[in-house]
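Peer 1: Using the working numbering, you'd call the opening residue of the sequence shown number 2 and step up by one each time.
Let me begin by handing over the structure; questions about it come next.
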Amino acid sequence: MSDACPRSFEVEALRDGRLSGAERARFESHLASCAACKQEAAALDGLAEALRVSEEERSDELRVRRERTRLLAAFDVQLAPPPVRRVGAWWGAAALLAVVGGLALFLLTRPSARRAPASLPVPVVTVRADSSAQWSRRAEAERDVVTLARGALYIRVEPGRGRRLLVQLPDGELEDIGTVFSVSADAGRTTRVTVQEGSVVLRLEGKAPIALGAGEAWTPAPPPPASSEVAPLTAPAAPSTSSRVRVRPSDEGAKRVESPKAADSAEVTPDSAAEFRAAMGAFNQGEGSRAAKLFAAFLRRYPQDSRAEDAAYLRVLAHQRSGDVGATGSAARDYLARYPRGFRRAEVEALLGAPP
């Protein structure tokens with residue numbers, strides 16, 4: 002047995018093509034004279050030949066198996082009886098499918114079976130402005146804010162919509178309680194508020210809040226005359242039965258005017274409307290305790306009235322204006338118990354959470 006050559010590893014490198022150039026020439030010269038390297042090269046050649054023969058035999062065996070399978074399949078086809086063609090069954094199935102399809106089409110195209118088109122969402126706040134109005138509108142987390150700088154707006158708010166509406170005016174703000182109303186401003190001040198349905202609370206800078214109900218309007222008192230001459234005193238004309246004017250002393254002469262339509266209908270209005278109007282009158286005159294009692298009585302007598310939630314909220318404000326912290330908290334909790342998802346829930350919860 003020949004001794005191992007330290008360069009025998011280069012035999013495999015030569016077969017793999019990893020030697021080239023002068024290095025390949027030097028090893029081929031060494032291979033011609035080294036018995037150990039010749040033996041290594043012969044062993045590798047024998048191994049390669051054995052692998053080639055094994056692969057060819059395996060390939061031939063697989064080909065034989067495939068041919069055998071193909072021949073058996075062809076033989077089975079010749080022995081199997083021809084399939085029976087059930088033409089009648091196919092025609093019956095096709096006729097049944099046609100009947101079912103026609104019935105389904107008839108049911109879907111009947112007028113009673115047609116699906117009603119999806120109704121478009123109705124806007125919960127409708128704002129119409131006159132040609133001279135300067136205003137804007139934005140949506141906040143829990144409320145919509147309309148800012149009026151000048152001109153007139155007609156606003157309709159659907160009750161029970163879950164979002165609040167605040168109208169920012171040049172000299173204050175208007176808090177809506179689900180209603181239909183119009184508001185106008187000019188020269189940096191509010192000039193008129195008219196309520197057609199529901200109720201609102203008007204807050205002007207430096208003045209007590211003013212509650213307005215359906216059919217009522219508010220306008221500021223005219224400015225005093227610029228002339229230094231004293232105008233002759235005349236007896237004020239008595240208001241007619243079709244228009245009533247109530248002057249609020251606490252509002253520096255600002256007046257609250259009821260429209261003729263509301264005054265005419267006062268004679269036929271149910272007792273609930275009269276009691277609600279009386280409670281708001283006390284509220285606007287600054288009589289917080291009396292207004293709170295009137296609103297509480299209204300809630301006891303007419304809990305299902307459409308203005309009941311307004312009365313519950315205004316009762317909270319009346320107690321707050323009178324300075325009764327305990328009664329304010331009790332009225333606020335009563336409001337939340339009656340209307341857990343009420344229109345003024347956020348403000349009432351804020352009152353409960355505010356420090357005394």
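Backbone N, C-alpha and C fix where the C-beta goes; we use that ideal spot for every residue, glycine too.
What does a CB cutoff of less than 7 Å around S9 pick up in its chain, not counting 5 residues either side in sequence?
Peer 2: Closer than 7 Å at Cβ, skipping near neighbours: A37, C38 and E41.
Peer 1: To the nearest angstrom, how far is it from the Cα of A347 to the Cα of G189?
Peer 2: Approximately 29 Å between the Cα atoms of the pair.
Peer 1: Whole alpha helix (DSSP H) runs in the region 283–337 with 4 or more residues, listed along the chain?
Peer 2: Runs found: 289–302 and 309–323.
Peer 1: Nearest-angstrom Cα distance between M281 and S133?
Peer 2: Taking the straight line joining both Cα atoms gives about 33 Å.
Peer 1: I need the DSSP call for L166, collapsed to helix, strand or coil.
Peer 2: In this structure, L166 counts as strand in the three-state DSSP scheme.
Peer 1: Hey, V181 and R157: beta-carbon distance below 8 Å or not?
Peer 2: The answer is yes: Cβ separation under 8 Å.
Peer 1: Please classify G18 as buried or exposed, where buried requires at least 16 other C-beta atoms within 10 Å of its C-beta.
Peer 2: The residue is exposed, with fewer than 16 neighbouring Cβ atoms inside 10 Å.
Peer 1: Consult DSSP for F344 and reduce its assignment to one of helix, strand or coil.
Peer 2: In this structure, F344 counts as coil in the three-state DSSP scheme.
Peer 1: Find the nearest neighbour of G289 within the set A99, F277 and Q321, judged by alpha-carbon distance.
Peer 2: Of the listed residues, the one whose Cα sits closest to G289 is Q321.
Peer 1: Sort out for me which residues DSSP pairs D46 with in a bridge.
Peer 2: None, per the DSSP bridge assignment.
Peer 1: Comparing alpha-carbon positions, which option in G327, Y340 and C6 lies nearest A312?
Peer 2: For the residues G327, Y340 and C6, the minimum Cα distance to A312 belongs to Y340.
Peer 1: Keeping to the same chain, check which residues put their C-beta closer than 8 Å to that of A140; ignore five residues upstream and five downstream.
Peer 2: Same-chain partners within the cutoff: V146.
Peer 1: Go ahead and label F344 buried or exposed: buried means 16 or more other beta carbons lie within 10 angstroms of its beta carbon, across all protein chains shown.
Peer 2: Answer is buried; the Cβ neighbour count reaches 16.
Peer 1: Does DSSP classify R16 as helix, strand or coil?
Peer 2: Note: R16 maps to helix in three-state DSSP.
Peer 1: Checking 8 Å against the spacing of the C-beta atoms, do D196 and G214 come in under that value?
Peer 2: Checking the sequence shown, residue 196 turns out to be Val, not Asp. The answer is yes: Cβ separation under 8 Å.
Peer 1: Look up L149 in the DSSP assignment and give the residues it is bridged to.
Peer 2: The partner list for L149 (beta bridge, DSSP) reads W136.
Peer 1: Among residues of its own chain, excluding the 5 on either side of Q169, which ones have a beta-carbon nearer than 6 Å to its beta-carbon?
Peer 2: Closer than 6 Å at Cβ, skipping near neighbours: T148.
Peer 1: Could you work out which residue in Y314, G287 and L15 is closest to A297 when comparing CA atoms only?
Peer 2: Out of Y314, G287 and L15, Y314 has the C-alpha closest to the C-alpha of A297.
Peer 1: Residues in the same chain with beta-carbon distance under 8 Å from R334, minus the five sequence neighbours each way, listed in chain order, please.
Peer 2: Excluding residues within five positions, the ones whose Cβ falls inside 8 Å are L353.
Peer 1: In terms of alpha-carbon separation, which member of G152, A351 and F277 lies closest to R316?
Peer 2: Of G152, A351 and F277, the residue nearest in Cα terms is F277.
Peer 1: Can you tell me which residues form a DSSP beta bridge with D187?
Peer 2: Note: D187 sits in a beta bridge opposite R190.
Peer 1: If you draw a straight line from the C-alpha of V125 to the C-alpha of W219, how long is it?
Peer 2: Spanning the two alpha carbons is a distance of roughly 25 Å.
Peer 1: Which of helix, strand or coil does DSSP assign to R204?
Peer 2: Of the three classes helix, strand and coil, the one that applies to R204 here is strand, per DSSP.
Peer 1: Could you pull the start and end residues of the beta strand (DSSP E) that A26 belongs to?
Peer 2: Looking at the DSSP string, A26 is not in any beta strand (DSSP E); the run it does join, the alpha helix (DSSP H), is G22 to S34.
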